[in-house]
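Structure record follows, encoded as structure tokens.
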Amino acid sequence: NAGVTQTPKFQVLKTGQSMTLQCAQDMNHNSMYWYRQDPGMGLRLIYYSASEGTTDKGEVPNGYNVSRLNKREFSLRLESAAPSQTSVYFCASSNEERIQPQHFGDGTRLSIL
Amino acid sequence: DQQVKQNSPSLSVQEGRISILNCDYTNSMFDYFLWYKKYPAEGPTFLISISSIKDKNEDGRFTVFLNKSAKHLSLHIVPSQPGDSAVYFCAASDDKIIFGKGTRLHILP
């Protein structure tokens, strides 16, 4: 019973490098989300996908792109990483019609040097 | 401008007593409120929610109270247990969801 799985768990990048954070859920949920959490801050929505084939911007989308590859998978891409993108990234899923994450992955801790 | 505020960064409560976590919001359009719990190195876990048409929702040891006139909600945990030590996030939504910064709850033996 995996729930929401994120890979990798940790990553260190240099400024300007690119990478893709992977997320998969096995609960047949329609909605998937990407959040970032910074020290002393709440979770902030980067992008979400209400269903396969659709994506929408959240509060802090700049510098990121997403792909809803299929119902299970929702990836987050940093094309040119910047130190301001150092954060913990959480993927989440839900079957709620409104934007309401229910199940979260354990996070990807990303450091940009 | 913070739309969802958790003004207590931390709270310590004796095991067995009641824990009360507070949350204030500014946007009167919020119509749904949620609480999440987070352990270190894990993702948040959804705990309990309440619609704006209600003023109380209870689930086992957890009760959420909503005071719309004061734009205030609270989470009560009774009785508090060691496993309740975690960071608790309040969140509010209209069409998008906004999270507070969290309150770290320590349950003391």
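From first to last, the protein sequence lines are chains A and B.
Heads up: the first sequence at position 107 corresponds to 107 in the working numbering, and the numbers run straight through without jumps.
Heads up: the second sequence at position 83 corresponds to 1083 in the working numbering, and the numbers run straight through without jumps.
Using N, Cα and C, we set each Cβ at its ideal position, and we do this for glycine too.
Taking a Cβ-Cβ cut-off of 7 Å, residue 1037 of chain B has no neighbours in chain A, whose nearest Cβ is about 11 Å from it.
For residue 82 of chain A, there is no enclosing beta strand (DSSP E), as DSSP marks it with neither H nor E. The contact set of residue 46 of chain A on chain B, defined by CB atoms closer than 8 Å, is empty, because the minimum CB distance reaches about 12 Å.
Residue-level contact check: residue 1046 of chain B touches chain A, since one or more beta carbons of chain A fall below 7 Å from its beta carbon. Neighbours of residue 41 of chain A across chain B, judged by C-beta separation under 7 Å: 1101. Contact between the region 36 to 45 of chain A and the region 80 to 92 of chain A is established, with three or more Cβ pairs separated by less than 8 Å.
Contacts between residue 17 of chain A and chain B, judged by CB atoms closer than 9 Å, are missing: the closest CB pair is about 25 Å apart. When the Cα atoms are used, residue 25 of chain A and residue 72 of chain A turn out to be separated by approximately 5 Å. A direct Cα-to-Cα measurement between residue 53 of chain A and residue 33 of chain A gives close to 14 Å.
Residue 1016 of chain B is outside the set of residues whose beta carbon lies under 7 Å from a beta carbon in chain A.
Contact annotation: residue 1074 of chain B and residue 1062 of chain B have beta-carbon atoms that are not nearer than 7 Å. Bounds of the beta strand (DSSP E) holding residue 12 of chain A are 10 to 13.
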